[in-house]
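Protein chains in written order, with our numbering: chain A, -9 to 104; chain B, 521 to 632.
Each residue gets a CB set at the ideal place from its N, CA and C atoms; glycine is no exception.
Inspection log for the structure reproduced underneath, given as structure tokens.
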Amino acid sequence: EAQVTQNPRYLITVTGKKLTVTCSQNMNHEYMSWYRQDPGLGLRQIYYSMNVEVTDKGDVPEGYKVSRKEKRNFPLILESPSPNQTSLYFCASSPGTGGGVTQYFGPGTRLLVL
Amino acid sequence: GENVEQHPSTLSVQEGDSAVIKCTYSDSASNYFPWYKQELGKRPQLIIDIRSNVGEKKDQRIAVTLNKTAKHFSLHITETQPEDSAVYFCAASLYNFNKFYFGSGTKLNVKP
């Protein structure tokens, strides 16, 4: 089944404790993105990647890191989480150049930073 | 950067009526405008999209119109049904469909 998966789905952590949220897609998509969703603010793009080893900042990259070492995986790293990073996070992928632009979202990861 | 504004924030209609959600964008370089539906507790899902070289697109009960001169685009849902109740997001994309800016969302409630 074609899908985008994220792990963990729920996470409670404390300020300053490094964490990684994994994202994986099995559709051979070139493009991948991370978003955060907060009430009243819609979805805001954190980082995006056009292919392996090619990443760029979205609208709200501060406090986050990403890497794209393999085409299928795009982990989101919070080196020192703070309470203002409490949010619902979505990973998304799309085919990319010549393959279409439809974004497919993962199920979301709800993060609480205490 | 791009700024996308979406109105209204909430919309309540009677089943069978039409619903219209409007978005404006600021950057004339934006060239792709998708609409997403997000049901409670679920992920956003694309329902329709339009590119800047097209003025209107329709898919059954859903249509999107784009006015590039005025920099606004709208989602039209006809013959609404209770299962259309959800939060709808518009978005605008720059730079080869990688960078996206979303509106703040419209919560649509269709009353039976």
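Problem - Straight-line Cα distance separating V56(A) from V(-6)(A) - result: Counting from 1 along the first sequence, the entry for residue -6(A) is found at position 4. Counting from 1 along the first sequence, the entry for residue 56(A) is found at position 66. Cα to Cα, V(-6)(A) sits roughly 17 angstroms from V56(A).
Handout entry: Cross-strand partners of D28(A) (DSSP beta bridge)
Key = Translated into positions along the first sequence, residue 28(A) becomes position 38. BP columns for D28(A) point to G32(A).
Practice task
Select from P85(A), E(-9)(A), T87(A) and V42(A) the residue whose C-alpha is nearest the C-alpha of P65(A).
Solution key: Along the first sequence, one-based indexing puts residue 65(A) at 75. For the residues P85(A), E(-9)(A), T87(A) and V42(A), the minimum Cα distance to P65(A) belongs to V42(A).
Exercise for the section: Would you tell me roughly how many angstroms separate the C-alpha atoms of A549(B) and L614(B), rounded to the nearest one? Expected result: Numbered from its first residue, the second sequence carries residue 549(B) at position 29. Numbered from its first residue, the second sequence carries residue 614(B) at position 94. Within the model, the alpha-carbon separation for A549(B) versus L614(B) is close to 7 angstroms.
Problem - Interface flag, Q15(A) vs chain B, CB-CB below 8 angstroms - result: In the first sequence, counting from the first residue as 1, residue 15(A) sits at position 25. So, not an interface residue.
Handout entry: Assigned exposure category for G98(A) - 16 Cβ within 10 Å defines buried
Key = As a working mapping, residue 98(A) is identified with position 108 in the first sequence. G98(A) should be labelled buried.
Problem - Helix, strand or coil at E20(A) [DSSP, three-state] - result: Within the first sequence, the letter at position 30 stands for residue 20(A). E20(A) falls in the coil class under three-state DSSP.
Exercise for the section: List the endpoints of the continuous beta strand (DSSP E) containing V584(B). Expected result: Here residue 584(B) refers to the residue found at position 64 when the second sequence is read from its first residue. It spans I582 to N587 - the beta strand (DSSP E) in which V584(B) sits, taken as one unbroken run.
Exercise for the section: Can you give me the Cβ contacts of S14(A) inside the same chain, cut-off strictly under 7 angstroms, excluding the 5 residues immediately before and after it? Expected result: Within the first sequence, residue 14(A) is the residue found at index 24, counting from 1. Within the same chain, T(-5), R62 and N63 come within 7 angstroms of S14(A) by CB-CB distance, once the 5 residues on both sides are set aside.
Handout entry: Alpha carbon of H527(B) to alpha carbon of Y608(B), nearest angstrom
Key = For the purposes of this step, residue 527(B) is taken as residue 7 along the second sequence, with counting starting at 1. For the purposes of this step, residue 608(B) is taken as residue 88 along the second sequence, with counting starting at 1. H527(B) and Y608(B) have their C-alpha atoms spaced approximately 10 angstroms apart.
Practice task
Starting from Q75(A), follow the beta strand (DSSP E) in both directions and report where the run begins and ends.
Solution key: By 1-based counting over the first sequence, the position of residue 75(A) is 85. In the DSSP assignment, Q75(A) falls outside any beta strand (DSSP E), carrying neither H nor E.
Exercise for the section: Note down, in chain order, every chain B residue with its Cβ under 8 angstroms from the Cβ of F80(A). Expected result: Residue numbering aside, residue 80(A) sits at position 90 when the first sequence is read from its first letter. Contact annotation for F80(A) against chain B: R563 and P564 [CB-CB distance below 8 angstroms, chain order].
Exercise for the section: Ignoring anything shorter than 3 residues or poking outside the region 35 to 69 of chain A, list the beta strand (DSSP E) runs there in chain order. Expected result: Along the length of the region 35 to 69 of chain A, whole beta strand (DSSP E) runs at least 3 residues long occupy 44 to 47 and 66 to 68, reported in chain order.
Practice task
Could you check if N618(B) is buried or exposed, using at least 16 other CB atoms within 10 Å of its CB as the buried criterion?
Solution key: Your numbering for residue 618(B) matches position 98 in the second sequence. When all chains shown are included, N618(B) counts as buried.
Practice task
Thinking G536(B) and T600(B) are a contact (beta carbons under 8 angstroms), I'd like their distance in whole angstroms, please.
Solution key: Looking up residue 536(B) in the second sequence gives position 16. Looking up residue 600(B) in the second sequence gives position 80. That belief holds up - the Cβ atoms of G536(B) and T600(B) are roughly 7 angstroms apart, short of 8 angstroms.
Practice task
Enumerate in chain order the residues of its own chain whose CB-to-CB distance from I570(B) is below 6 angstroms, with the five nearest sequence positions on each side excluded.
Solution key: Position 50 of the second sequence, counted from the start, is the residue given in the question as residue 570(B). Cβ within range, chain order: F553, K577, V584 and L586.
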